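What follows is a single structure, written as structure tokens, with notes after it.
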Amino acid sequence: MPDVKVIRINSGYLELVDKYYAGKGFGSLIAAVGFFGASLLFLTTVIDDFPSIGWKFGPHEEMALAMSLICIPTMIMTFKLLKTEWFAWTHYPIRFDYR
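Going by my numbering, the sequence shown opens with residue 119, and the numbers climb by one from there.
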């Protein structure tokens, strides 16, 4: 068991972390990069294209609509992943009793 780490040893029990402890935080890294990347892309599109939007459907409107359809669902999905990863336990202890 290479991922098992000892938390505490005393005369009554041995406490270890679970085997999924090594992978904690990697999902947060991927989701944070995705969330901030999509947010930055959407923000730059809004700053560049929305002042130029007129009453006709031209290239600025197409770009704003395309980036909205791509970035907003991406931000929602990565935010949900961040919520589940950031508000979860850091590890789940496993306790083996000696007696």
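Even for Gly, the Cβ is constructed at its ideal location relative to N, Cα and C. Quick caveat, the model's predicted, so the values are computed rather than measured.
Which of the three DSSP states is assigned to residue i in this structure?
i	result
Phe-214	strand
Buried or exposed: residue i, going by 16 or more other Cβ atoms within 10 Å of its Cβ?
i	result
Leu-183	exposed
Ala-206	exposed
Thr-163	buried
Phe-153	buried
Thr-196	buried
Tell me which same chain residues have a C-beta within less than 8 angstroms of the C-beta of residue i, skipping the five on either side of it?
i	result
Gly-143	Glu-203
Val-124	Leu-132, Glu-133 and Leu-134
Pro-211	Ile-125, Glu-133, Leu-134, Val-135 and Asp-136
Thinking residue i and residue j are a contact (beta carbons under 8 angstroms), I'd like their distance in whole angstroms, please.
i	j	result
Ser-146	Met-193	15 angstroms between Cβ atoms; not a contact.
Gly-130	Asp-215	7 angstroms
Met-185	Leu-159	7 angstroms
Per DSSP, what are the beta-bridge partners of residue i in this structure?
i	result
Val-124	Leu-134
Skipping 5 residues on each side, what residues in its chain have a beta carbon closer than 6 angstroms to that of residue i?
i	result
Thr-208	none
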